[in-house]
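Data block below; observations after.
Numbering (this note's numbering), first residue to last: 580 to 859.
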């Protein structure tokens, strides 16, 4: 684990997985976790794609995992942190991927920092702004977390985060998901919920994207159903859409091998380049 110290005192924890072959590599990957998780959410992808020749960077968002605060007040704050990390690591071009809230942070990043990202992975996310009812609900949950902590919330959320099949047949995955949620700092999770309540509409961003994009969704996702993925697929010209069967909101964990295969075939379509001495 490494850390990036930001000017406001925040410390961003991240893992930097270097490719096993120091020769020709694929584009670096910067993968953004969702709520209320941490960078271990991407472990199956980080290990797999580093072996395949990609540099893979996976941070804990501020307020989550081993990263500190102060908490964000908007998704733009998360986006600035990601660009600061990319700059620190010398990532002149990279694939930016995110799941759920992470996907919304990805969309915020291409909105605020056009031209920085070479390709996108949008997994189990959606582009529309929050409804009035949704704003009230997210702020109410944030208030609850600050009073109760994460344990009950995590227990209630687990059957919605993963499919019934995952709960029954992949208890190790269910345990990992539950542990991440229970261990998430309540203050950071609450701040992120409030930030998401105020997010903008990203549909226009997607319509004018201009970079290769892969959209992935679990067929049993209760939070971001297949219809949300189909909407993003229609909005992004030339995008690819993959539906992972039998899984819920976390296909990268619930069916890691299938997810990696889909993502890997997408990455194979992107331009390869020699390893750069500019990367640190």
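No residue lacks a Cβ here, since even glycine has one placed at the ideal position from N, Cα and C. Keep in mind it's a predicted model, so treat the numbers as computed, not measured.
{"query": "Below 8 Å on the Cβ atoms is my contact criterion, and I expect residue 828 with residue 740 to pass it. Report the Cβ-Cβ distance as a whole number of Å.", "result": "5 Å"}
{"query": "Work out the CA separation of residue 584 and residue 762 for me, nearest whole Å.", "result": "23 Å"}
{"query": "What residue from 588, 793, 802 and 798 has the CA that sits closest to residue 842's CA?", "result": "793"}
{"query": "For residue 812, which three-state DSSP category applies?", "result": "helix"}
{"query": "Does the beta-carbon distance from residue 813 to residue 683 come in below 7 Å?", "result": "no"}
{"query": "Per DSSP, what kind of secondary structure is residue 679 in: helix, strand or coil?", "result": "coil"}
{"query": "Mark residue 836 as exposed unless 16 or more other C-beta atoms lie within 10 angstroms of its C-beta, in which case mark it buried.", "result": "exposed"}
{"query": "Could you compute how far the alpha carbon of residue 849 sits from the alpha carbon of residue 784?", "result": "21 Å"}
{"query": "Any chance the segment 655–662 sits against the segment 746–764, with 3 or more Cβ pairs inside 8 Å?", "result": "no"}
{"query": "Counting only the same chain and skipping the five closest in sequence on each side, list residues whose C-beta sits under 8 Å from that of residue 855.", "result": "Any reading at residue 855 needs caution, since the residue's pLDDT is 43, under 50, leaving its predicted position unreliable; the model's value is listed next. 669 and 671, listed in sequence order."}
{"query": "Could you name the residues of the same chain whose beta carbon sits closer than 6 Å to that of residue 817, not counting the 5 residues immediately before and after it, in chain order?", "result": "none"}
{"query": "Report all residues from its chain with a CB closer than 8 Å to the CB of residue 725; omit the five preceding and five following residues, and keep chain order.", "result": "765, 766 and 769"}
{"query": "Cα-Cα, which of 799, 592, 791 and 825 is closest to residue 811?", "result": "791"}
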